[in-house]
DNA sequence: TGATAATTGTTATGGACCATATCAAATATC
DNA sequence: GATATTTGATATGGTCCATAACAATTATCA
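Residue numbers (the numbering used here), protein chains in the order written: chain A, 7 to 174; chain B, 7 to 174.
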């Protein structure tokens with residue numbers, strides 16, 4: 007395909023700025039492809055997209071998976087503790103838990119120490135689902151990074167991203 | 007919907023599951039800290055946050071900056087072309103352009119070849135703002151990655167993220 | 001040629017996610 | 001015991017993202 011710069015008609019000059027017009031060719035990303043934020047965002051979207059595909063059978067979003075992981079690793083914690091370490095605001099965590107509880111994956115238990123708070127615990131079904139989810143993530147999701155980058159690079163990537171997340 | 011209001015008293019375990027209750031200590035992230043999606047998302051949020059701080063004087067979001075960069079690098083393209091290469095849906099691109107145009111950074115020019123389309127061009131002010139923005143990004147934003155990771159690692163990171171964005 | 005299809009920018013709209021203010025109940029503080 | 005703080009929850013608004021639909025224009029092709 008050939009670039010055809012169109013000569014604009016001379017008659018329509020209303021003091022309008024004339025722009026060179028291009029067709030068909032692929033756009034030049036230019037410096038965009040080296041902008042950290044740009045490439046980071048696009049990578050994140052791709053990874054989430056793939057995560058959702060891998061988890062289609064369990065119907066778990068990345069955020070829901072992180073809640074199950076964290077509750078399982080930290081039994082006996084309340085909503086604010088779990089939510090805040092995940093960067094989720096308490097009001098927004100309510101609907102999330104309603105969802106998980108309605109699917110019998112997680113339970114709110116009123117604490118006997120502090121009857122304001124709700125202790126979070128995974129149900130048996132929740133634990134089973136989490137186990138299956140971990141396997142899916144390992145075999146279908148994370149393994150794909152190894153294929154793409156190699157083991158060493160994959161680990162280096164995680165380390166660098168963690169550093170950015172914690173120290174930037 | 008109201009849940010059983012405070013009917014249970016302390017001490018009566020009526021078939022209620024008792025959860026071990028913990029207080030005060032920091033939560034264990036566990037496998038979460040090695041989940042690609044988790045660390046990727048948190049890093050992205052931090053980077054965007056820092057970007058906005060650096061650009062406060064110019065009032066440019068990452069998305070707006072990317073539009074200016076792309077229009078500058080590809081003069082004579084129309085809205086759909088610019089939007090699609092940025093992953094922005096055309097309907098959502100309209101308000102974005104309205105904003106940039108109202109600030110006199112970008113202009114829509116009706117094409118004489120195809121009178122359906124609007125050719126996008128940066129205004130003089132838009133070019134000036136972009137130049138200043140690039141400088142701010144380089145000196146205040148991207149440089150921080152070098153300080154944190156080192157030049158070589160920074161480049162390796164961008165390469166890996168691009169690979170994920172394009173091939174995952 | 002003329003009828004039909006496709007494209008462009010746009011509007012309207014709904015969903016998902018995020019942030020703030022506010023509330024009642026329970027607890028902490030003084 | 002009066003006041004302040006914490007916890008879960010509701011209401012609400014903003015932003016981003018996705019789809020449907022429309023008028024104007026252009027492409028297709030019978």
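For each residue, glycine too, the CB sits at the ideal point set by N, CA and C.
- Item | First through last residue of the alpha helix (DSSP H) which encompasses residue 160 (chain A) | In the first chain, the residue the question calls residue 160 (chain A) occupies position 154. Element bounds for residue 160 (chain A): 157-173.
- Item | Whether residue 77 (chain A) touches residue 43 (chain A) by CB criterion (9 Å) | As a working note, residue 77 (chain A) is residue 71 in the first chain. As a working note, residue 43 (chain A) is residue 37 in the first chain. No; because the gap between Cβ atoms is not below 9 Å, this pair is not in contact.
- Item | Test: residue 78 (chain A) CB closer than 9 Å to a CB of chain B | Counting from 1 along the first chain, the entry for residue 78 (chain A) is found at position 72. Chain B, which has a Cβ nearer than 9 Å to the Cβ of residue 78 (chain A), makes this yes.
- Of all Cβ atoms in chain A, is any one closer than 9 Å to the Cβ of residue 34 (chain B)? The residue given as residue 34 (chain B) occupies position 28 in the second chain. Closer than 9 Å to some Cβ of chain A, the Cβ of residue 34 (chain B) qualifies, so yes.
- Query: Under a three-way DSSP split, which group does residue 119 (chain A) fall into?
  - Reply: For the purposes of this step, residue 119 (chain A) is taken as the residue at position 113 of the first chain. Coil, per DSSP.
- Item | Opposing strand residues paired with residue 127 (chain A) [DSSP bridges] | Reading the first chain from its first residue, position 121 is the one you call residue 127 (chain A). DSSP output for residue 127 (chain A) lists A:113 as bridge partner(s).
- Query: Within 9 Å (strictly less), CB to CB, does residue 66 (chain B) reach chain A?
  - Reply: Against the second chain, residue 66 (chain B) aligns to sequence position 60. For residue 66 (chain B), the answer is no, since every Cβ of chain A falls outside 9 Å of its Cβ.
- Is the distance from the Cβ of residue 142 (chain A) to the Cβ of residue 61 (chain A) below 9 Å? Residue mapping note: residue 142 (chain A) aligns to position 136 of the first chain, counting from 1. Residue mapping note: residue 61 (chain A) aligns to position 55 of the first chain, counting from 1. Going by C-beta atoms, residue 142 (chain A) is nearer than 9 Å to residue 61 (chain A).
- Message: So, with DSSP's three-state summary, where would you put residue 84 (chain A)?
- Response: Position 78 of the first chain, counting from 1, holds the residue named residue 84 (chain A). In the structure shown, residue 84 (chain A) sits in a strand (DSSP, three-state: E or B).
- Cβ atoms of residue 114 (chain A) and residue 157 (chain A): under 9 Å apart, would you say? Sequence index remark: in the first chain, residue 157 (chain A) carries index 151 (1-based). Sequence index remark: in the first chain, residue 114 (chain A) carries index 108 (1-based). In this structure, residue 114 (chain A) does not lie closer than 9 Å to residue 157 (chain A) by Cβ.
- Task: Examine chain B for any beta-carbon lying closer than 9 Å to the beta-carbon of residue 21 (chain A), and answer yes or no.
- Result: Counting from one through the first chain, the residue named residue 21 (chain A) turns up at place 15. Caution applies to residue 21 (chain A), whose pLDDT of 37 falls short of 50 and renders its modelled position unreliable; the value that the coordinates give is listed next. Chain B, which has no Cβ nearer than 9 Å to the Cβ of residue 21 (chain A), makes this no.
- Is the region 140-155 of chain A touching the region 98-109 of chain A, taking contact as three or more C-beta pairs under 8 Å? no
- Message: At the level of alpha carbons, what is the spacing between residue 120 (chain B) and residue 172 (chain A)?
- Response: Sequence index remark: in the second chain, residue 120 (chain B) carries index 114 (1-based). Sequence index remark: in the first chain, residue 172 (chain A) carries index 166 (1-based). Computed Cα separation, rounded: 50 Å.
- Message: Given a cut-off of 9 Å on the beta-carbon distance, is the pair residue 83 (chain B) and residue 126 (chain B) in contact?
- Response: Position 77 of the second chain holds residue 83 (chain B). Position 120 of the second chain holds residue 126 (chain B). Against a cut-off of 9 Å, the Cβ pair of residue 126 (chain B) and residue 83 (chain B) comes out as a contact.
- In angstroms, rounded to a whole number, what distance separates the CA positions of residue 89 (chain B) and residue 52 (chain B)? Taking the first residue of the second chain as position 1, residue 89 (chain B) is located at position 83. Taking the first residue of the second chain as position 1, residue 52 (chain B) is located at position 46. Cα-Cα distance, rounded: 25 Å.
- Name the chain A residues that come within less than 7 Å of residue 156 (chain B), Cβ to Cβ? Numbered from its first residue, the second chain carries residue 156 (chain B) at position 150. Neighbours of residue 156 (chain B) on chain A: none; closest Cβ ~10 Å, over 7 Å.
- Would you please verify whether the beta carbon of residue 85 (chain B) is less than 9 Å from any beta carbon of chain A? Here the question's residue 85 (chain B) lines up with position 79 in the second chain. Judged by the 9 Å Cβ criterion, residue 85 (chain B) is not in contact with chain A.
- In chain B, which residues lie less than 8 Å from residue 56 (chain A) when you measure between Cβ atoms? Stepping through the first chain from its first residue, residue 56 (chain A) is reached at position 50. Per Cβ cutoff of 8 Å: 174.
- Query: Using the beta-carbon of each residue, which ones in chain B are nearer than 7 Å to residue 50 (chain A)?
  - Reply: Position 44 of the first chain, counting from 1, holds the residue named residue 50 (chain A). By Cβ distance, chain B contributes 46, 47 and 50.
- residue 102 (chain B), DSSP secondary structure in three states: Numbered from 1 along the second chain, position 96 holds the residue referred to as residue 102 (chain B). Helix.
- Query: Listing by chain order, which chain A residues have their CB less than 9 Å from the CB of residue 5 (chain B)?
  - Reply: Residue 5 (chain B) is absent from the model: chain B starts at 7 and stops at 174.
- If you draw a straight line from the C-alpha of residue 91 (chain A) to the C-alpha of residue 162 (chain A), how long is it? Start at 1 with the first residue of the first chain, and residue 91 (chain A) comes out as number 85. Start at 1 with the first residue of the first chain, and residue 162 (chain A) comes out as number 156. Approximately 24 Å between the Cα atoms of the pair.
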